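Please read the structure below before turning to the comments.
Residue numbers (my numbering): 143 to 220.
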């Protein structure tokens with residue numbers, strides 16, 4: 143049961159990290175695509191977006207620490 147719980151938590155953490163990453167990975171095909179890519183890369187984000195990403199990152203760190211404590215607890219008492 144413990145390996146499945148660990149695998150589930152890893153998938154959840156990876157999914158949340160994937161949701162919070164910036165979406166600026168554009169492969170330009172033409173000059174217009176290149177200009178759009180530069181615009182997207184240097185676009186100023188709102189304070190709400192930055193605060194939301196900070197909060198999600200903090201929650202991910204907390205979940206990761208709890209996950210590590212669970213692993214230590216399971217290994218210790220197994």
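The beta-carbon is built from N, C-alpha and C at its ideal position, and this holds for glycine as well. Remember, predicted model here, so these are calculated numbers, not experimental data.
When only Cα atoms are considered, residue 203 and residue 148 end up about 16 Å apart. Separation of residue 155 and residue 214 (C-alpha to C-alpha, rounded to the nearest whole angstrom) is 18 Å.
Residue 151 sits away from residue 198, with the two beta carbons spaced by 8 Å or more. Judged by DSSP in its simplified three-state form, residue 199 adopts helix. The three-state secondary structure of residue 186, taken from DSSP, is coil.
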